[in-house]
Amino acid sequence: MSEVPTLSGSDATAASLREFEARARAFLEEHVPRRGDVVVTDTMSAEVVAAEQELQKKIYDAGFAAITQPKEHGGQGLGEAESMIWGTLSAEYAVPRMLIAISHGMCGPIINLLGTPEQKAKYLPDLWRADTLFAQIFSEPGAGSDVAGLQTRAERVDGGWLMNGQKVWTSNAQYCDYGVIVARTNPDVPKHQGITMFIINLRDPAVTIRPLRVATGERPFNEIFIDNLFIPDSDRIGEVDRGWDAAVAMLRFERISIGTSSTKSTGPQSFEKLAEAAEAAGLLQDPAARAALVEVYVMEQGTDLLAVRMREEVEAGIELGPRGSIAKLAGASANFRLNEILSDIAGLSLVSWDGPGMAYPPLTKAFTGAPSSWTAGGTIEIQLGIVGERVLGLEKDPSVDRGVPFRDIRRSA
Ligand SMILES: Cc1cc2nc3c(=O)[nH]c(=O)nc-3n(C[C@H](O)[C@H](O)[C@H](O)COP(=O)(O)OP(=O)(O)OC[C@H]3O[C@@H](n4cnc5c(N)ncnc54)[C@H](O)[C@@H]3O)c2cc1C
0 MSEVPTLSGS DATAASLREF EARARAFLEE HVPRRGDVVV TDTMSAEVVA
50 AEQELQKKIY DAGFAAITQP KEHGGQGLGE AESMIWGTLS AEYAVPRMLI
100 AISHGMCGPI INLLGTPEQK AKYLPDLWRA DTLFAQIFSE PGAGSDVAGL
150 QTRAERVDGG WLMNGQKVWT SNAQYCDYGV IVARTNPDVP KHQGITMFII
200 NLRDPAVTIR PLRVATGERP FNEIFIDNLF IPDSDRIGEV DRGWDAAVAM
250 LRFERISIGT SSTKSTGPQS FEKLAEAAEA AGLLQDPAAR AALVEVYVME
300 QGTDLLAVRM REEVEAGIEL GPRGSIAKLA GASANFRLNE ILSDIAGLSL
350 VSWDGPGMAY PPLTKAFTGA PSSWTAGGTI EIQLGIVGER VLGLEKDPSV
400 DRGVPFRDIR RSA
């Protein structure tokens, strides 16, 4: 049996990789529709969540989720080579993405990195199998870009902590069981130094979750009110007052997840669908529409290749660090331009259509939904700042609150 060059963490042989690939291919063919054959929705609803959870359990049980995670905490204990094979093959299929993006892309990795053995045993196996879903609970009404300015507080009580405060924009929290949250535990030190990370139970009666409706008519995120929530100290992640480092580590996982997860788009703003829309509008011979379609194709190739490159770097064990923001910036900027092109091609059909009911047609939904990508995961301006300061080494923005104890920082609320 000949050995193949292996990627980090993998002790696979050529034969074992071939066998893994054949099993993955057979599983996908049998259990998952191809992406082009179904409408892939980014929108969660109770029905979508239930169906995707079932599919994700099958994927896990067949050995294709949490591929590189340690076996003792519910992972498959395989290497990056198997992960890469699964990633490449599954990109063509409608495997759950949004459902597990935060659980698997951010919360699982941070528990794996900083969690205690007890936390890993308690939470990770169910999380990887999607028996439980996790939310990322950072943003507040007055602390989005400046998350370190958060005001939700957790105070020490016997056996744990008492949490009070308000969070907002928490994606899919209405369907989640747990959340990874950051709260202020020490207001007497500068803002980055007095924050601690916890796992909270979103089904606790002390937690109220209110879905927020957006322009597409959907409810993708929530506001969360926390009123005297008791958290056992065993659900604290990492050290007391070191939650900012934990949050940065978690956001780094998010950037890696966003940067490497791009797959060829089959959505309404993809080259394929925009070309169909142009044909339907009789614009295929129109020079401006043709030039715009070429632009779409080039942008699509660019973001896809960037994602491939970043995936390969991660798989080769190269730290992406702040460079992960480049992929997020590229995707969000492309989305901005794609929306302009979409409105040129689709014209009035974006705002008026035939047919019963008020449900938006896919093009209208894509158009109204696109702006959220300029904000989610850190706004375009914030990503520009990260790339400028931390990738290009430009001078840092001036800061008015550096070194000032949190309780002395002037704020409006
Ligand atoms: C679809 C979606 C899903 C989300 N999911 C989650 C989630 O699951 N969990 C979670 O915790 N949060 C989530 N968020 C929240 C998201 O992280 C915040 O919306 C984002 O960080 C911006 O914060 P903000 O909305 O408070 O805007 P603000 O921070 O108030 O920003 C307002 C404007 O000011 C600009 N600005 C702010 N600071 C600077 C600066 N220093 N330099 C230049 N410009 C600046 C911003 O770019 C923006 O244009 C989600 C958001 C969206 C849209």
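Numbering follows numbering that gives the first Met the number 0, in which position 374 of the sequence shown is assigned residue number 373; successive positions increment by one, without gaps. Ideal Cβ positions, reconstructed from N, Cα and C, are used throughout, including at glycine.
| Simplified DSSP state of Met-83, which is helix, strand or coil | Helix at Met-83.
| request: Output the distance between the C-alpha atoms of Ile-136 and Gly-143, rounded to the nearest integer angstrom. | output: Going by the C-alpha atoms only, they are around 11 Å apart.
| Just checking my contact of Phe-252 with Met-97 at CB under 8 Å: how many whole Å lie between their CB atoms? | 16 Å between Cβ atoms; not a contact.
| message | Do Leu-27 and Leu-88 count as a contact pair if the criterion is CB distance below 8 Å? | response | Yes, they are a contact pair.
| With which residues is Asp-33 paired in a DSSP beta bridge? | The residue you asked about is not Asp; residue 33 is Arg in the sequence shown. Answer is Tyr-92.
| message | Would you say Phe-133 lies against chain D (beta-carbon separation less than 8 Å)? | response | Protein chain content of the structure displayed is limited to a single chain, and chain D is not contained in it.
| said: Just list the residues that DSSP pairs Phe-197 with in beta bridges. | reply: Answer is Ile-180, Arg-235, bridged to Phe-197.
| request: Check whether the segment 334–342 touches the segment 397–405, taking contact to mean three or more Cβ pairs, one atom from each stretch, closer than 8 Å. | output: Touching, no, given that fewer than three Cβ pairs across the two stretches are closer than 8 Å.
| said: Please list the terminal residues of the continuous beta strand (DSSP E) segment that includes Ser-138. | reply: Unbroken run through Ser-138: none, as it is neither H nor E.
| In three-state DSSP terms, what is Lys-166? | Three-state result, Lys-166: strand.
| said: Using a Cβ-based criterion (distance less than 7 Å to any ligand heavy atom), does Pro-108 qualify as near ligand 1? | reply: Incorrect: Pro-108 has no Cβ contact closer than 7 Å to ligand 1.
| message | Rounded to whole angstroms, what is the Cα-Cα separation between Gly-421 and Thr-215? | response | What the structure shows of the chain is the stretch from 0 to 412, and residue 421 is not part of that stretch, so it cannot be assessed.
| task | Within its chain, find whatever has a CB closer than 8 Å to the CB of Leu-328; leave out the 5 residues flanking it on each side and keep chain order. | result | Sequence-distant partners of Leu-328 (beyond 5 residues in either direction) whose C-beta falls short of 8 Å from its own C-beta, in its chain, are Ile-379, Gln-382, Leu-383, Val-386.
| task | Could you name the residues that DSSP lists as bridge partners for Pro-108? | result | Paired residue(s): none; Pro-108 is not in a bridge.
| For the putative contact between Pro-32 and Ala-93, defined by C-beta atoms under 8 Å, what is the C-beta separation to the nearest angstrom? | Cβ atoms of Pro-32 and Ala-93 come within 8 Å of each other, at about 5 Å.
| query | Across which residues does DSSP place Trp-160 in a beta bridge pair? | reply | DSSP lists Arg-155, Ile-230 as partners of Trp-160.
| query | So is Gly-392 buried or exposed if we call it buried at 16+ other beta carbons inside 10 Å? | reply | Classification of Gly-392: exposed, given that the 10 Å Cβ count is below 16.
| said: Could you compute how far the alpha carbon of Arg-152 sits from the alpha carbon of Leu-54? | reply: Going from the Cα of Arg-152 to the Cα of Leu-54 covers about 38 Å.
| What is the residue span of the beta strand (DSSP E) that Thr-417 lies within? | As displayed, the chain neither begins before 0 nor continues past 412, which places residue 417 out of reach and without an answer.
| field | Alpha-carbon spacing of Asn-221 relative to Ser-138, whole angstroms | value | Approximately 11 Å between the Cα atoms of the pair.
| 7 Å Cβ shell around Ser-1 - same chain, five flanking residues per side excluded | Unreliable positioning characterises Ser-1 in this predicted model, as indicated by a pLDDT of 33, which lies under 50. A coordinate reading is not provided.
| query | Exposed or buried, Tyr-74, counting other C-beta atoms within 10 Å across all chains shown (16 or more means buried)? | reply | For the sequence presented, residue 74 should be read as Gly rather than Tyr. With 16 or more other Cβ atoms within 10 Å, it is buried.
| task | Kindly give me the distance between the Cβ atoms of Ser-162 and Leu-228, rounded to whole angstroms, as I take these residues to be in contact under 8 Å. | result | For clarity, residue 162 is Met in the given sequence; the question names Ser instead. The C-beta separation of Met-162 from Leu-228 comes to about 4 Å, placing the pair in contact by the 8 Å criterion.
| CA-to-CA distance, Ser-342 to Glu-79, given in whole angstroms | Across the structure, Glu-79 and Ser-342 are spaced so that their CA atoms are roughly 41 Å apart.
| Do you know whose CA, among Gly-281, Val-213, Gly-376, lies nearest Gly-368's CA? | Ranking Gly-281, Val-213, Gly-376 by Cα distance to Gly-368 puts Val-213 first.
| request: For Tyr-174, I'd like the list of residues in its chain whose CB is within less than 8 Å of its CB, leaving aside the five on either flank, ordered along the chain. | output: If we look at Tyr-174 and ignore the five residues flanking it on each side, its Cβ neighbours are Met-43, Ala-45, Val-48, Leu-132.
| Are Phe-405 and Arg-218 closer than 8 Å when you measure CB to CB? | Taking 8 Å as the Cβ cut-off, Phe-405 and Arg-218 do not qualify as a contacting pair.
| query | CB of Thr-131 to nearest heavy atom of ligand 1: below 7 Å? | reply | For ligand 1, not one heavy atom lies less than 7 Å from the Cβ of Thr-131.
| field | Environment of Pro-108 [buried if 16+ CB atoms lie within 10 Å] | value | Counting C-beta atoms within 10 angstroms of its own C-beta, Pro-108 has 16 or more neighbours from the protein chains shown and is therefore classed as buried.
| task | With DSSP as the reference, please indicate the residues paired to Arg-241 in a beta bridge. | result | The partner list for Arg-241 (beta bridge, DSSP) reads Ile-194.
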